[in-house]
Ligand code: AMP
Ligand code: MG
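In this note's numbering, the protein residues as written are -10 to 404.
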């Protein structure tokens, strides 16, 4: 991993982020009901067929379709088949009362739904049924494996399991599911001026509320992540070294915010270097968020976010999301975004990628976006009305009144 002091282009920073770490090795087997929200560790094939056996799709009468081919039929009906029982074979020329989910008796090949049947009895009180046919073979029954064949590939490794996946895995008799262990993510805020939300301020000192740590906690609040909140840390080199060394020993990824820039109170880059860590990137050619670090310390990946809240947010969702998915074993790539047109004039400097909060003006095509201002790396209010971020490429010129082609990253695709 090379140390880079110059701002690296955003494309290179994405590549470096993907390179920081591979998926964690640990696995555990969980019953389907506990596996939702976890990442499947290996490809999964159906353990058995679904449906598991041929069964009635309706309440009615199991018959040989040929016995009802002529239209109306009157058949003796000596037996009942309920779900969870093992039926005897169906005698030729007879019907069996059957209920939804019950196994089809051998010999039967159709079910007459009860709405076309009239139950009765013959002169000696034996039950029979009149069926207003005709019936075709296969009617109103479900065959074993017609939905999922035994052994059929069902889910790919890396799938973030949701309720659909656990339903299918349980139905296809897959037993317990092997998922990757939760990734451990330590996070901290850095700054002498910071006070946690809800905590009393320091008497007589102007303080800033720590918003980055709650933001990161929200990003990390997922079943596949085990967050480790390391609190607010002071701008103190010795203290930072101690906290970072411990964090790297306990976590797969350490995320910091603040203290990443070049001022005298920014101690994180030096603290990492002093501990033998390496930065693959220390600055990224983007706005907001230039003081963004990607690196490694011991066995942990490192993401050093800027302190300014909008910059920290952009770094967290654009780079953090990707590192998290990569570590967890999910498919991970640079956020792809969607081609869109930005509807307003934006002044910008060439050579760096801009990320602007935008709202969707028209679904298009083309998708039209409106920038929400005022801009600034410390602004949070514009985000509240935004649907996502517009990415303006570094090689693009200033954006004139005609608009510009940009990439749209919808928040729901990012977090
Ligand atoms: P820094 O990146 O440490 O130079 O901080 C840049 C700006 O972001 C300063 O105004 C800090 O007070 C502010 N800031 C740093 N960390 C946080 C945080 N965790 N929450 C809110 N604001 C922060
Ligand atoms: Mg600071």
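Where is the CB? At the ideal position from N, CA and C, for every residue including glycine.
Separation of residue 303 from residue 373, as counted between CA atoms:
Straight-line Cα distance between these residues: approximately 14 Å.
Per DSSP, which one or two residues make a beta bridge with residue 279?
Per DSSP, none; premise fails for residue 279.
Are the stretch 208 to 225 and the stretch 176 to 190 touching, with three or more C-beta to C-beta distances below 8 Å?
These segments touch.
Inter-residue CB distance, residue 279 and residue -4 (contact presumed, cutoff 8 Å):
Taking C-beta atoms under 8 Å as the contact rule, residue 279 and residue -4 qualify, at a distance of about 6 Å.
DSSP state of residue 330 mapped onto helix, strand, coil:
The three-state reading of DSSP puts residue 330 in strand, counting E and B together.
Tell me, to the nearest whole angstrom, how far the beta carbon of residue 120 is from that of residue 105; I am working on the premise that it is less than 8 Å.
Their Cβ separation, rounded to whole angstroms, is 6 Å, which keeps residue 120 and residue 105 in contact under 8 Å.
What residue range is occupied by the uninterrupted beta strand (DSSP E) comprising residue 143?
For residue 143, the enclosing beta strand (DSSP E) begins and ends at 142 to 144.
7 Å Cβ shell around residue 44 - same chain, five flanking residues per side excluded:
For residue 44, the CB contacts under 7 Å within the same chain, skipping 5 residues up- and downstream, are 90, 91, 92, 93, 130, 131 in chain order.
Over the uninterrupted beta strand (DSSP E) stretch that includes residue 267, give me the two end residues.
In this chain, the beta strand (DSSP E) harbouring residue 267 covers 267 to 270.
Who does residue 61 pair with in a DSSP beta bridge?
Under the DSSP definition of a beta bridge, residue 61 partners with 121.
Sequence-distant residues of its chain with Cβ nearer than 6 Å to residue 5 (five each side left out):
269, 270, 283, listed in sequence order.
Sorry if obvious, but does the Cβ on residue 342 come closer than 7 Å to a heavy atom of the ligand MG?
Checking the Cβ of residue 342 against the ligand MG gives no.
Near the ligand AMP: residue 202 beta-carbon under 7 Å from a heavy atom
Taking 7 Å as the cut-off, one finds at least one heavy atom of the ligand AMP near enough to the beta carbon of residue 202.
Between residue 148 and the ligand MG, is there a pair consisting of the residue's CB and a ligand heavy atom that are separated by less than 7 Å?
Residue 148: no, Cβ never under 7 Å from the ligand MG.
Strictly by DSSP, which residues pair up with residue 360?
Under the DSSP definition of a beta bridge, residue 360 partners with 347.
Closer than 8 Å to chain C by CB, residue 207
As a matter of chain content, chain C is missing from the structure shown, which is built from one protein chain.
Starting from residue 1, trace the beta strand (DSSP E) in both directions and tell me its first and last residue.
Residue 1 -> not in any beta strand (DSSP E); alpha helix (DSSP H) instead, spanning -1 to 8.
Beta strand (DSSP E) segments (min. 3 residues) lying fully within the stretch 134 to 169
142 to 144, 166 to 169, all fully within the stretch 134 to 169.
Give, in chain order, every unbroken run of the alpha helix (DSSP H) that is at least 4 residues long and sits entirely within the stretch 10 to 77.
Runs found: 21 to 24.
Nearest to residue 155 (by Cα), restricted to the options 370, 311, 29
Measuring from the Cα of residue 155, the nearest candidate turns out to be 29.
Does the beta carbon of residue 182 fall short of 7 Å from some heavy atom of the ligand AMP?
Yes, the Cβ of residue 182 comes within 7 Å of a heavy atom of the ligand AMP.
Can you tell me which of the three DSSP states residue 317 falls into?
Helix at residue 317.
Could you give the distance in angstroms between the alpha-carbon of residue 376 and the alpha-carbon of residue 331?
Taking the straight line from one Cα to the other gives about 13 Å.
Just to check, is the beta-carbon of residue 179 closer than 7 Å to a non-hydrogen atom of the ligand AMP?
Result yes, Cβ under 7 Å from the ligand AMP.
Taking only three categories from DSSP, how would you classify residue 222?
It is a strand residue.
Do residue 402 and the ligand AMP come close, with the Cβ less than 7 Å from some heavy atom?
Distances between the C-beta of residue 402 and the heavy atoms of the ligand AMP are all 7 Å or more.
Under the criterion of a Cβ to heavy atom distance below 7 Å, does residue 218 qualify as lining the ligand MG?
Incorrect: residue 218 has no Cβ contact closer than 7 Å to the ligand MG.
How about the stretch 194 to 205 and the stretch 40 to 58: do they share at least three Cβ pairs that are nearer than 8 Å?
The stretch 194 to 205 vs the stretch 40 to 58: no contact.
Given a threshold of 16 other Cβ atoms within 10 Å of its Cβ, counted over all protein chains shown, does residue 400 qualify as buried or as exposed?
With fewer than 16 Cβ atoms within 10 Å of its Cβ, residue 400 is classed as exposed.
Threshold first: 3 residues or longer. Then list the beta strand (DSSP E) segments lying entirely within the stretch 171 to 255, N to C.
Every unbroken stretch of the beta strand (DSSP E) spanning 3 or more residues and falling wholly within the stretch 171 to 255 is given here in chain order: 172 to 179, 214 to 222, 242 to 246.
Figure out for me which residue from 173, 393, 320 has the closest Cα to the Cα of residue 148.
Relative to residue 148, the option among 173, 393, 320 whose CA is nearest is 320.
According to DSSP, is residue -5 helix, strand or coil?
Reduced to three states, the DSSP call for residue -5 is coil.
For the 8 Å Cβ check, are there 3 or more pairs between the stretch 341 to 351 and the stretch 309 to 323?
Here the stretch 341 to 351 does not lie against the stretch 309 to 323, with fewer than 3 beta-carbon pairs under 8 Å apart.
Per-residue DSSP class, three states only, for residue 341
Residue 341: coil per DSSP, three-state reduction.
Using 8 Å for Cβ pairs, my map puts residue 138 next to residue 35. What's the rounded Cβ distance?
Between residue 35 and residue 138 the Cβ distance is about 7 Å, and since that is below 8 Å, they are a contact.
Are the beta-carbon atoms of residue 285 and residue 260 separated by less than 8 Å?
Going by C-beta atoms, residue 285 is not nearer than 8 Å to residue 260.
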